[in-house]
Structures are given as structure tokens and as C-alpha cells.
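Participant: Position in the sequence shown counted from 1, then plus 2, gives you the numbering used here. Input: one structure, supplied below.
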Amino acid sequence: MKATGRISILCVAVSWFLCPALALGEEERVHPPLPEPLTLSDALLIGIQSHPKLVVAQSQVAEAEISSGKVDASYGVNAFVELQPRLSSRAAADNVDFQDDSRYGLVIRKRLTDFGRTESRKEAAQSDIAASQARFVTRLDRHRLEIMRSFFAVILSDHAYRARNERLAIEYFRYSRMAERRDRFEQYSDLEVAKQEAAYRKAYVARHRADLERRQRRHALALKLGRPGELSSELVVPDLSAYRDRDIPEYNDIIDEAIATSSILKAHRANVASAQAKVSVAEKLNSPVLSADFEAREYHDSSFSSRDRYRLNLKFIMPLFDGTHVRDTEVALAENALAQKRAELLMAEYGVREDLLALISDLLVNRAAIVAAEADETYRSYYQDRSRAMYEMEMRSDLGDAQAAVAEAMLEAARVDFKQALLWAELDALLARPLALMEED
């Protein structure tokens, strides 16, 4: 019940955001500029407002609801006017004498019952709605993860650029100093200078690649937010403390919860329920139909006693024989589809089991990687302090290398920290839990 409520609330909330996108074309929508600096919370909120992936998913929900309304309409009242301009020759007359025999009338019809067939169609339609809503939640969760991944990638690209820039400065300084001392004092050979120049050129290529990657990552983030061309110059490093103090659960402790609450499996279960209802629909293909008609007519010639001015009919239609075997064919097809949907549900359950174990394993490994990254960052910081002290005492020092190593250590620390947040967010989505970063807000 809790997960179902989550699906309904999410669909309603995101529908409110997506309604303008459904009503207006891309060229007609005007968005306010992205906030500067851009926070992850803002990115997550903006990213669900008009992205085409979510618009498509929401339109599929709307399509299922429209189809359900179409089923409900089969029990509606039909009213129409019937006009029959006609000429007729009475059989009692000896000669052929065509006379005006026109008539018109009002006819009102309503199906009273088809003995369960429409109810089965309603069950199938409601299950289709539930499946489309669950698929929408899955798409929404994945899109949020994509936004987080792109957001983190931008920050990491900035870190990587600074690290490559630090390394480039060191390699250029060494190359220029060696070239100068070779030219002035013949202290280094051409071979040694060429070797250092090659190292400098490689560092330049790496820095140039990192610089271009910053733009690529920002471009990818803009597309994930549904804002092509709006490249954010500054991003705020998010507070990920909500994930740092969590205890990693045991696989056996949460596997049942994952199977029960996963939106992926909810969609497949709804598909199975829909397929079961469609088997019932096929079995009732030749079921009887009871309907009521009310007719009010006017005749140009009302001299015949059989011409009723008002008539109320109850019609009971029951098929007795179908030589085309349509029902048997439809039942066989529906049962085959049901078997397929059940197999797809089982495959999806296997996938959830595999994904859950992989997530827990990755969290355990990443927890150790965080400790290792913190230890390396501490070591590099101490090493940089020692190198700076030696440099200040005019002793031989590798201060530049130490500074570059610190930048690399900071990059790795940020990478494992971001990976931890993504793993936890993916686990929360699998368990149908709210995103911790948005819950904090």
C-alpha cells in the first residue's frame, strides 16, 4: 500500500510539472535561466520538469488512462436520430404503386450487462494503468540517477582539469629550465631535453583533453536537465553526509523488501495481472449481451397497426455456434501472452536479485576505497608539507610533484565519495525509498 501510494503521489506531482510540456511545443516553452551557482537539489528539481524521456513516460500513463475510459464508455447511453426517407409498394395492392413511407425517430440504447466480459476488460485496463505508472517511476528514478551522475561528472572534470593543469605547470617548468641550462651551461644533453619536452607535450595534451571534457560534461548535464545549450559555469559540491553514516545492509535482510517494492517488478506484476484479465476477456468473447432500447418514431403513413409510436425493448443476444473458432484462437493467444509475461516477471526478479547483490558488494568495496582515499590524501598532504619545508630551506625538493599528487588524491577522494552516493541512491530506488538528498530538502 505504501509503495502504491508513492507511485500515485509521484505521478501526480510530476504530471503537474510535465503538463506544460505536454501542451506546448519545444519552441513555445520559455524556461527561466539555470541558477548560478547550480546545486544538486536544483538540478534534480529542474530535471523532472520537462525532459522528453519523462514526457514520453507520462504520456504512456495518460494513454493507459484514456484506454480505461474507453472501456467504461461501453456501458454508456447511446442516443441517435434515425431518418428513413423511403418509398414502398404495399404487398396487398394488385398493382405496383410506390407511396411515401418515410419515417424518423429517436433511439436510445444502453448495454445492461455482458455477463463479466467488460469487467474483465476493466481489470486489464486498470492493470495496464498500474504498469505504466510503475514504469514511469522506474524512468523517473533512473533519470534522477542520470542527473546525479552527470552533476558529479562535471565536478570531477573540474578536479581533473586542476590536477592536469598542476602537472602541466610542473612539466613545463622542468622542460624550460632544462632547455635554458642546456643552452647556457650545456648542463643537459639534447636527449635529456627532448625526453622532458615529450613529457611536457603529453601533459599538455592531457590538460587540453581535460579542459574539453569539462565542456562535454556540462553539455551532457544540460541535456539531462532538458536545457540544451545552457552550460553551468559553477556547481556547488553537494553535502553527501546523508550517505556517509549509513550501515550497509545484508543481502538476505533486504531481498524480500526489494522484490516486494521494486517499481520494475511492480510493472511486470501489473503486466501479468493484465494478461490474466485478457485471458478472461478472450474466454468470454462469445458471452451473451443484455441491452435495452427505447424508440420514439413518427411515420408518414401510420395506418399500419404494427407501427408503434413508442417501443421499449430488452434484447438478449447469446451466440450458439462459431464455426470460425475465433474464441479458441483468442484464448490461445491470450494464454500464450500470459505465459510470456510470467516468464518476463521471473527474469526481472532474477535481475533485481543480481542488481541488489552487486550494489551491496560495490558499497562494501567502495567503503574500503573511501578509507584508502582518505589515507592517501592524508599522506600526500604530509608529504607536501615536508616538500614545502625543504623548499623553503633551499634544499632539493619535489614540491611540484607533491602538489600534483595532492590534486590527484583529492580527485580520487571526490570520485569514491560520489560513487558512494550514487550506489546508495540506486539502492534506495530499488527499494522504493525516497531520494535522501531531496528528502533532506
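Built from N, CA and C at the ideal position, the CB exists for glycine as well.
Identify the continuous alpha helix (DSSP H) that holds A298 and give its terminal residues.
Facilitator: From DSSP, A298 is part of no alpha helix (DSSP H) but of the beta strand (DSSP E) over V291 to Y301.
Participant: Closest to L432 by C-alpha separation, out of E297, L439, S389 and K268, would be which residue?
Facilitator: K268
Participant: Take the Cβ of T331 as the centre, count every other Cβ of all protein chains shown within 10 Å, and call the residue buried at 16 or more, exposed below.
Facilitator: exposed
Participant: DSSP state of N254, grouped into three classes?
Facilitator: helix
Participant: Which partner residues of N315 appear in the DSSP bridge assignment?
Facilitator: D295
Participant: Name the one or two DSSP bridge partners that S140 has.
Facilitator: Rather than Ser, the amino acid found at residue 140 in this sequence is Thr. Its beta-bridge partners do not exist; DSSP assigns none.
Participant: Taking C-beta to C-beta, are S389 and A404 nearer than 8 Å?
Facilitator: Yes. Within cutoff.
Participant: What does a CB cutoff of less than 7 Å around R271 pick up in its chain, not counting 5 residues either side in sequence?
Facilitator: L347
Participant: For a quick check, are the C-beta atoms of A66 and F138 less than 8 Å apart?
Facilitator: no
Participant: What is the rounded straight-line gap between the Cα of E285 and the Cα of E428?
Facilitator: Their backbone Cα atoms lie some 42 Å apart in a straight line.
Participant: Tell me the DSSP bridge mates of T41?
Facilitator: According to DSSP, which records beta bridges pairwise, T41 is partnered with nothing at all.
Participant: Give a yes or no on whether the C-beta atoms belonging to N80 and R111 are separated by under 8 Å.
Facilitator: yes
Participant: Relative to the C-alpha of E214, which residue among R164, L366 and I131 is closest?
Facilitator: For the sequence presented, residue 214 should be read as Leu rather than Glu. Of the listed residues, the one whose Cα sits closest to L214 is R164.
Participant: Under the rule that 16 or more other beta-carbon atoms within 10 Å means buried, what is F153, buried or exposed?
Facilitator: buried
Participant: Count the other CB atoms, across all protein chains shown, that sit within 10 Å of the CB of L340; report buried if there are 16 or more and exposed otherwise.
Facilitator: buried
Participant: What is the C-beta distance between P288 and R329, in whole angstroms, given that I count them as a contact (C-beta under 8 Å)?
Facilitator: A small correction: the amino acid at residue 288 is Asn; Pro does not occupy that position in the sequence shown. Contact between N288 and R329 holds: CB atoms are separated by about 5 Å, below the 8 Å threshold.
Participant: Does the count of Cβ pairs from the segment 412-423 and the segment 374-390 closer than 8 Å reach three?
Facilitator: Enough Cβ pairs lie closer than 8 Å, so yes.
Participant: Which same chain residues, not among the five before or five after V238, have their C-beta less than 6 Å away from its C-beta?
Facilitator: P39 and T41
Participant: For the segment 313-327 and the segment 134-150, state whether three or more C-beta atom pairs, one from each stretch, are separated by less than 8 Å.
Facilitator: With fewer than three CB-CB distances shorter than 8 Å, the segment 313-327 does not count as touching the segment 134-150.
Participant: Closest to A130 by C-alpha separation, out of G71, G402 and L36, would be which residue?
Facilitator: Correcting the residue type first, residue 130 is Asp in the shown sequence and not Ala. Of the listed residues, the one whose Cα sits closest to D130 is G71.
Participant: What span of residues does the alpha helix (DSSP H) with G71 cover, start to end?
Facilitator: P54 to D74
Participant: Just how far apart, CA to CA, sit A133 and N273?
Facilitator: About 6 Å.
Participant: How would you call A391, buried or exposed, if buried means at least 16 neighbouring beta carbons within 10 angstroms?
Facilitator: exposed
Participant: Can you look up L85 in the DSSP assignment and give me helix, strand or coil?
Facilitator: strand
Participant: At what residues does the alpha helix (DSSP H) containing R219 begin and finish?
Facilitator: D192 to K226
Participant: Keeping to the same chain, check which residues put their C-beta closer than 8 Å to that of E259; ignore five residues upstream and five downstream.
Facilitator: Closer than 8 Å at the Cβ level, and outside the excluded window around E259, lie L433.
Participant: Considering A106, what are the terminal residues of the alpha helix (DSSP H) in which it resides?
Facilitator: Position check: residue 106 holds Tyr in this sequence, whereas Ala was assumed. Taken as a continuous stretch (DSSP letters only), Y106 belongs to no alpha helix (DSSP H), being part of the beta strand (DSSP E) at R105 to T115.
Participant: Tell me, please, which residues DSSP counts as bridged to L237.
Facilitator: According to DSSP, which records beta bridges pairwise, L237 is partnered with L40.
Participant: Run through DSSP, which three-state label would Q189 get?
Facilitator: coil
Participant: Enumerate in chain order the residues of its own chain whose CB-to-CB distance from A438 is below 6 Å, with the five nearest sequence positions on each side excluded.
Facilitator: A244, listed in sequence order.
Participant: Taking C-alpha atoms, which residue in R309, R344, L361 and A336 lies nearest to I256?
Facilitator: L361
Participant: In whole angstroms, what is the alpha-carbon distance linking K343 and Q422?
Facilitator: 35 Å
Participant: What's the C-alpha gap between A334 and D116?
Facilitator: 21 Å
Participant: Can you give, in chain order, each stretch of the alpha helix (DSSP H) that sits fully within the segment 328-410 and has at least 4 residues?
Facilitator: Qualifying alpha helix (DSSP H) stretches, in chain order: 328-394.
Participant: Give the range of the alpha helix (DSSP H) segment to which H33 is assigned.
Facilitator: No alpha helix (DSSP H) contains H33, which DSSP labels as neither H nor E.
Participant: Would you call the segment 189-199 and the segment 244-254 in contact, with 3 or more CB pairs under 8 Å?
Facilitator: At 8 Å Cβ cutoff, the stretches do not touch.
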